Structures are given as structure tokens and as C-alpha cells.
Amino acid sequence: MNSPLGDFTPDELIGLETFLATFVAFTYVWFRSKGSLTVDELAGTSLSADYTLVAGAGLAASGGLLPFLLSLALVAGFGFLSHRNPLRALKAAPCGESMKDVLKSRELDCLTDDVSYNVYFFSPESLAL
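Using this note's numbering, the first residue of the sequence shown is number 23, and each one after it goes up by one.
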């Protein structure tokens, strides 16, 4: 099948189109999601996004070697960006001093979005690459 990018078999073209659709969708979500999720939405949404990204990449990879390599780069790229700033999509602020004093003895930290709280263990060593 002729295309501006070269000659592809139908499977390769479908794989390339699936990769491009996944890339465009997740690039849009990446830019649009900054500071948009509440504390309660973050955990479920991030897991759903990961599963959807990997499923889209897997479907694209079934089209041949080029879509496989592109999909692998896509998953690695979004994984790196998410690992670099895991709370990017969160619209929350650190908890007040009274809550921080309670949690400090257990080496925990807290975020709030004025509706709910999220207590988490944060270690800078876990983010080192």
C-alpha cells in the first residue's frame, strides 16, 4: 500500500495508524491534565492511563517491527515523564502544619485538595534514576 511514508503492508499501516492515534491521544492528555485531578481521582486515573497506553502500544506493535519500536519508545517516554514528576496532574497543596506534625514522626507526607486528604510515603531516593 503506497503512502507518503513509503510502501506498507495493510498490517504495518494499521499498526502505524494505531501508534499515531495513541501518540496523539496521550500527548493531548499529557498537556491537558496538568493540575486537573483531585487527590481521590489520581490513583485510579493513573492506572487506567497506564493500561490504556500499554494496550494501544501492544495493538500498534502487532503491525510489525516499526510500530513495535515506536510503541516501545512511546511507553518508555511517557513512563520517564511520569516517573520524573508523578504528581504533575494533581491539583493539591501540602497539608497544614498540624497534620504535618502528626505525620512527621512516621516519615509520611500529606496532600489536600480542600475536599480530601492523601497521606503518602515520599522518598527522594526512589525518584533517582
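For every residue, glycine included, the Cβ atom is placed at its ideal position computed from N, Cα and C.
It should be emphasised that the depicted structure is a prediction, and the values quoted were computed from it without experimental measurement.
| Item | Value |
| --- | --- |
| Cβ contact check for the stretch 27-36 and the stretch 76-95: 3 or more pairs under 8 Å | yes |
| Cβ-based burial, THR31 [other Cβ within 10 Å; buried from 16] | exposed |
| Nonlocal neighbours in the same chain, by C-beta distance under 6 Å from LEU112, ignoring five residues either side | LEU59 and LEU64 |
| Buried or exposed by the 16-neighbour rule on C-beta atoms within 10 Å, applied to PHE48 | buried |
| Host alpha helix (DSSP H) of THR40 (start-end) | 32-54 |
| Element boundaries [beta strand (DSSP E), containing THR125] | The sequence given here places Leu at residue 125; Thr does not occur at that position. Careful: LEU125 lies outside any beta strand (DSSP E), inside the alpha helix (DSSP H) at 119-126. |
| Collapsed DSSP secondary structure at VAL141 in the structure displayed | strand |
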